Amino acid sequence: MLPILLCAAFASSTRAQDCSKSIVENKKISGIQIARSSPLTIVVRGSYNYGIEFFTDEKGVFARVTSVGGIEFNQDDQVVFVDMNGREQSYKFIGMDEVLPTAVPTHRNNLRLDLDALEWLAETTIKGVNFINFVDRQKYKFTINPNRQSEFKELATCFNAVIERDAVKDTPGAAVTIPGKSSESTGSKGAKPDAGGKKNNAVASGAPVSDNEVTNLRAELERTKENLRKEIQAEKERADAIKTQLQQEVAAAREAANQKKLEYANEVLEARKSSLAEIEKAKAEAQAIIAQNRSKADSAVSIITHNVEEARRQAGEDIQKARMASAEEVKKARENAAKEISNIKEKLDQAKLQYSDEISTARANAEEELQRIRDENARMVSEARERAKSEQEKTTEDVVTSKKSAADQILKTREDAANEIANIRENMVLEKQRLATELAESRRKAAEEKALVQQNSAAE
């Protein structure tokens, strides 16, 4: 017994939790329950939709119906709900059409309901809704898709569950007669007097009929025919006007789509031009930097070579002087040479360390520069993809297809440009690293050669 009670409590709490989003207001003022449900869109079409919400006040139970881009709701117009069994219940608007100040024409009006209507909507599944406009003398039928059928039933069920019947004013008889059904019943009832009427006419046919009556009847018949012809002609002209308007709208839509395609093609072309310009600019900058680095490297190598030659010349002079010196001077020279060799070795070790540091620094700088370039390239590609993705979610289907193609081309162009610029920058960094390595290697070799010359000179 306890598990059953726990399950029931869990089910009730789940229902209450599900209904928490469906009920946005539920309070009492002077013993009158004021409740309101959340709005729900029950019919969605391309350029318009219809929604509904339930509420109660001191006057009774109502349903507020909203038309966004659809028809207007006049006073006494009717809304017919059709359930899965084909049962129809009609309710009428009680107020004037309310026009909301929005970009899309939005109309709103209230249906009078009663507690029986609310209970019926909660217990059944509504598969369709019809709007009867008495001003235009038109009937608009809409089928509700299965998902929205379930949402509508859940909304009605939740609202019916929170209603306290003793605290709400009920107005029984809110359902009204559907015009089509009343006319059909009236027509069926009027069929029998017609049969009797034929007998009366047959009886009266034996009575004399004046020429004036015949003339009047024929004139009335001609007037009726003429009125019918005019109405038919007016309907044809109205239909032709609507067709012309639709053709113009289709032509305008195609023209707009073609214009959009042209704009996207121009955007692709401009993106390509911009990418080519950026590539050429990057190439020029890289070539200038490489040329400048080469010039600096050549100058440094030339200076090092000159220093080596100077060292050789100086060493030759020192050797000549050493040969001409006395034994004491040779001894002192050898002692000094030993010290010099020690100093040279120390300087050589320092040169090797400097070479190692320069190589390590060049590599570290190159790695940081490469990583920065790759991060920037990834960011540019990501931004291009985000822009292309946002551009792919607009306009109509034809324009969307064209725009997607254009966005893909722009994305590819931007990615290619970003990748090529990144490659150029990477090559530039690698070239700078290579030049720095060559320069360090030249310095190392020059230091070793200079040390070797000085060492040999000191040894001699």
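Numbering (my numbering) for the sequence shown: 606 to 1065.
No residue lacks a Cβ here, since even glycine has one placed at the ideal position from N, Cα and C.
In this text the structure is predicted, and so the values were computed from the model without any measurement.
**OP:** For Arg877, I'd like the list of residues in its chain whose CB is within less than 8 Å of its CB, leaving aside the five on either flank, ordered along the chain.
**Re:** Thr1018
Original post:
Quick one, which of Val673, Gly665 and Tyr745 has its alpha-carbon nearest Gln683's?
Top reply: Tyr745
Original post:
What separation, rounded to the nearest whole angstrom, lies between the Cα atoms of Met1053 and Gln1059?
Top reply: Position check: residue 1053 holds Glu in this sequence, whereas Met was assumed. Their backbone Cα atoms lie some 10 Å apart in a straight line.
Subject >> Inter-stretch contact at 8 Å, needing at least 3 Cβ pairs: the segment 985-997 / the segment 1035-1048 >> reply: no
**OP:** Tell me whether Arg1049 sits in a helix, a strand or coil according to DSSP, three-state version.
**Re:** Residue state, collapsed to three classes: helix.
Original post:
Going along the chain, which residues of its own chain have a beta-carbon closer than 7 Å to the beta-carbon of Asp681, five neighbours each way excluded?
Top reply: When the five nearest sequence neighbours on each side are left out, the beta carbons in the same chain lying within less than 7 Å of the beta carbon of Asp681 are those of Lys697, Phe698 and Phe739, in order along the chain.
Original post:
What are the start and end residues of each continuous beta strand (DSSP E) run of 3 or more residues lying completely inside the segment 753-786, in chain order?
Top reply: none
Subject >> Local conformation of Ala983 per DSSP, three classes >> reply: helix
Subject >> Ile737 in three-state terms, based on DSSP >> reply: strand
**OP:** Could you check the C-alpha separation between Ala905 and Lys1050 for me, to the nearest Å?
**Re:** Each residue's alpha carbon lies about 13 Å from the other.
**OP:** Check each candidate in Arg968, Ala971, Leu1057 and Asp1021 and name the one with the smallest Cα separation from Met985.
**Re:** Asp1021
Subject >> 7 Å CB neighbourhood of Ala616 in its chain, flanking five on each side removed >> reply: Its pLDDT being 44, under 50, Ala616 is placed unreliably in this model, and the coordinates cannot settle the point.
Original post:
Using the beta-carbon count (16 or more within 10 Å), is Ala862 buried or exposed?
Top reply: Ala862 is buried by the Cβ-count criterion.
Original post:
Taking the DSSP output, what are the residues bridged to Glu922?
Top reply: Its beta-bridge partners do not exist; DSSP assigns none.
Original post:
Who does Tyr655 pair with in a DSSP beta bridge?
Top reply: Val648 and Ser672
Original post:
Do the segment 634-646 and the segment 695-715 touch if we need at least three Cβ pairs shorter than 8 Å?
Top reply: In short, these stretches do not touch, since the Cβ pair count stays below three.
Original post:
Exposed or buried, Ser907, counting other C-beta atoms within 10 Å across all chains shown (16 or more means buried)?
Top reply: exposed
**OP:** Select from Phe659, Ile895, Ile884 and Gln853 the residue whose C-alpha is nearest the C-alpha of Leu1035.
**Re:** Ile895
Original post:
Do Asp771 and Leu720 have their C-beta atoms within less than 8 Å of each other?
Top reply: no
Original post:
Do Leu726 and Phe667 come within 8 Å of each other at the CB atom, strictly closer than that value?
Top reply: For Phe667 and Leu726, no; Cβs fall outside 8 Å.
Subject >> Distance, Asn982 Cα to Ile949 Cα >> reply: Distance between the alpha carbons of Ile949 and Asn982 is about 48 Å.
Original post:
Taking the Cβ atom as the reference point for each residue, do Ser567 and Thr646 lie within a distance shorter than 8 Å?
Top reply: The displayed coordinates of the chain run from 606 to 1065. Any statement about residue 567 would go beyond what the structure contains.
Original post:
Looking only at its own chain, which residues have a Cβ that is under 6 Å from the Cβ of Leu874, when we skip the five neighbours before and after it?
Top reply: none
Original post:
Are the CB atoms of Lys626 and Asp688 nearer to each other than 8 Å?
Top reply: no
**OP:** Indicate whether at least one CB of chain B lies closer than 8 Å to the CB of Ala708.
**Re:** Absent from the structure is chain B; it holds one protein chain and no more.
Original post:
So who's on the other strand from Arg712, going by DSSP bridges?
Top reply: A small correction: the amino acid at residue 712 is His; Arg does not occupy that position in the sequence shown. Paired residues: Ser672 and Val704.
Original post:
According to DSSP, what are the bridge partners of Ala640?
Top reply: Asn631
Subject >> Whether Val767 touches Asn631 by CB criterion (8 Å) >> reply: yes
Original post:
Which of helix, strand or coil does DSSP assign to Gln853?
Top reply: Gln853 falls in the helix class under three-state DSSP.
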